[in-house]
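Residue numbers (this note's numbering): 1 to 61.
We put the CB at the ideal spot given by N, CA and C, even for glycine.
Being a predicted model, the structure only gives us computed values, none of them experimental.
Below is one structure, written out as structure tokens; comments come after it.
Set out below in structure tokens:
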């Protein structure tokens, strides 16, 4: 047993106040997400157009 035990807390920690203001939480996604989705959409359309041109060139031979 330790010689100097820690004293017990005299009062319990305060409970969170239910009427306390909530932290601000932004509901919309970051701008980088929109940019990334736009790039992916454009890149897939460019890839699809290139593959379509390859198929059309192969059919014309």
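When only Cα atoms are considered, residue 38 and residue 29 end up about 14 angstroms apart.
Taking the CA atoms as reference points, residue 46 sits about 12 angstroms from residue 54. Judged by DSSP secondary structure, residue 19 falls outside any alpha helix (DSSP H); it is assigned neither H nor E. The alpha-carbon of residue 34 is positioned some 58 angstroms away from that of residue 5.
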